[in-house]
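Q: Be aware that the sequence shown starts at 106, since it is given in my numbering, and climbs by one per residue. Shown below is the structure under consideration.
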Amino acid sequence: MIVLLLLAPLAYRGALFTRIVAYPFAAIMLLNGIGHLAGSVYLGRWAPGATTAPLLLIASIWLLINVKEKTEN
């Protein structure tokens, strides 16, 4: 979290490095959210992390959309 906080000024400026790193980070967040929800379905009970999984999904999709928009401009 501290590393992400330190990278925030670069991200707001749209630095190339942060756009390149954003894609795999968003993909990991997306897979993590899907994994927690799929684990809950598979186990038939509320698995740890399933409560915040929708937030991970929304944040990762938002990040992917915004990085794509910044890249196109």
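We put the beta carbon where it would ideally sit given N, CA and C, even for glycine.
(1) Which first and last residues belong to the alpha helix (DSSP H) in which A127 is found?
(2) Contact defined as beta carbons within less than 8 Å: I believe H141 pairs with A164. What is the distance between those atoms, to the nearest angstrom?
(3) By DSSP, does P114 sit in helix, in strand, or in coil?
(4) Would DSSP call W151 helix, strand or coil?
A: Answer, in terms of the structure:
(1) 121 to 148
(2) Incorrect: roughly 13 Å between the Cβ atoms, too far for contact.
(3) helix
(4) coil
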